[in-house]
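>
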Amino acid sequence: MTTATLDHLVVTAAKLDSGVELVETTLGQPMDGGGDHAAMGTHNRLLSMGPEDYLEVIAVNPAATAPGHPRFFDLDNRTGAPALTNWVMRVDVLADALEVAPPGIGEGLALSRGPYAWRMAVPADGKLPFDGLFPSLIQWDSPNPAPAIPDGGARLIRLTLTHPDAEGLSQALAPFLDDDRVVVTEGPVGMEALIRSGGKDVVLS
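For the sequence shown, counting from 1, position 60 maps to 60 in the UniProt record's numbering; every step adds exactly one.
1. Using only CA atoms, which one of L173, E186, L98 lies nearest to H163?
2. What number of angstroms, rounded off, separates the C-alpha of A166 from the C-alpha of M31?
3. Could you check whether A154 and residue 245 sit closer than 8 Å to each other, using their CB atoms as the reference points?
4. Would you list the residues sitting across from A110 in a DSSP beta bridge?
5. Residues bridged to Q139 by DSSP?
6. Quick check: the Cα distance between A39 and G108, rounded to an integer number of angstroms?
7. With which residues is M89 paired in a DSSP beta bridge?
8. How many whole angstroms separate the CB atoms of A146 and P51, which I take to be in contact at a CB cut-off of 8 Å?
9. Just list the residues that DSSP pairs A83 with in beta bridges.
10. Evaluate the contact criterion for the region 57 to 76 versus the region 169 to 181: three or more CB pairs, one atom per stretch, below 8 Å.
11. Identify, in the order they occur along the chain, each residue of the same chain with its Cβ nearer than 6 Å to the Cβ of G198, setting aside the five sequence neighbours on each side.
12. Suppose contacts are defined by Cβ-Cβ distances below 8 Å. Is R45 in contact with V60 by that definition?
13. Specify the secondary structure class of T185 as computed by DSSP and reduced to three states.
14. Do you know offhand how far residue 207's Cα is from A4's?
15. Can you tell me which of the three DSSP states E52 falls into?
16. What residue does the alpha helix (DSSP H) around A166 start on, and which one ends it?
17. Are the C-beta of P147 and some C-beta of chain B separated by less than 8 Å?
18. Alpha carbons only, please: which of M191, L111, M120 is nearest the one belonging to D36?
19. Report yes if the C-beta distance between L22 and P115 is below 8 Å; otherwise report no.
20. At what residues does the beta strand (DSSP E) containing L194 begin and finish?
21. Determine, using beta carbons only, whether A193 and L156 come nearer to each other than 8 Å.
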């Protein structure tokens with residue numbers, strides 16, 4: 001098994017403010033930090049889910065220069081209400097992980113934001129395998145942002161991935177992940193996270 005860890009969850013939005021409102025209303029906690037990704041023409045905000053996990057809201061930055069290539073998480077085609085659409089797995093060596101990842105995962109790109117630097121698998125068309133339910137793979141060349149985000153006590157209890165080819169998705173994940181918080185079920189494409197926040201269990205989808 002390639003060493004991998006759930007790194008963070010991703011809420012995509014047509015506009016950053018609408019994604020932030022969804023998360024803050026659902027979890028009852030303010031988002032913090034974030035910034036711009038110049039190479040992708042995007043911007044984000046973050047929320048802690050513990051010392052290693054976090055939640056990201058990301059959207060196209062209307063003030064940024066278009067990158068000239070598809071943005072990650074299929075953000076170029078993002079319309080409608082904000083939603084939890086993607087997740088990211090942290091790997092020790094991205095090049096090794098790409099060798100066993102499913103077709104369409106993309107090639108590693110060097111990216112940065114402020115003090116953070118990472119390499120991330122970005123598909124050529126921006127669309128991740130299994131209708132976006134296979135995670136993007138990331139190798140951090142700096143610490144990830146989680147320890148620097150104020151911890152309001154939110155914790156991921158379960159991430160449920162629903163796909164018509166649940167068996168295929170499970171097999172694709174098997175070389176990477178051993179995390180009983182991640183559950184794969186058969187059905188229409190969808191993703192939801194059960195998160196404990198403020199003493200309550202809430203669903204973000």
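Using N, Cα and C, we set each Cβ at its ideal position, and we do this for glycine too.
Based on what the coordinates show:
1. It is E186 whose Cα lies nearest to the Cα of H163.
2. Rounded to whole angstroms, A166 to M31 spans 32 Å at the Cα level.
3. Residue 245 lies beyond the residue range present for the chain, which begins at 1 and ends at 205; the question has no answer from this structure.
4. Paired residues: R119.
5. BP columns for Q139 point to R119.
6. Between A39 and G108, the C-alpha separation is close to 13 Å.
7. Paired residue(s): L6, L137.
8. Yes, A146 and P51 are in contact; Cβ-Cβ is about 6 Å, under 8 Å.
9. Answer is T12, bridged to A83.
10. No: the two stretches stay apart, fewer than three of their Cβ pairs being nearer than 8 Å.
11. Cβ neighbours of G198 beyond the five flanking positions: G28.
12. Going by C-beta atoms, R45 is not nearer than 8 Å to V60.
13. In the structure shown, T185 sits in a strand (DSSP, three-state: E or B).
14. Nothing about residue 207 can be reported from this structure: the residues present for the chain run from 1 to 205 only.
15. Coil.
16. Taken as a continuous stretch (DSSP letters only), the alpha helix (DSSP H) holding A166 covers 166 to 173.
17. Looking for chain B here will not work: only one protein chain is present.
18. Shortest Cα-Cα distance from D36 to any of M191, L111, M120 involves L111.
19. 8 Å or more divides the Cβ of L22 from the Cβ of P115.
20. 190 to 197 is the extent of the beta strand (DSSP E) around L194.
21. When the beta-carbon positions are compared, A193 and L156 come within less than 8 Å of each other.
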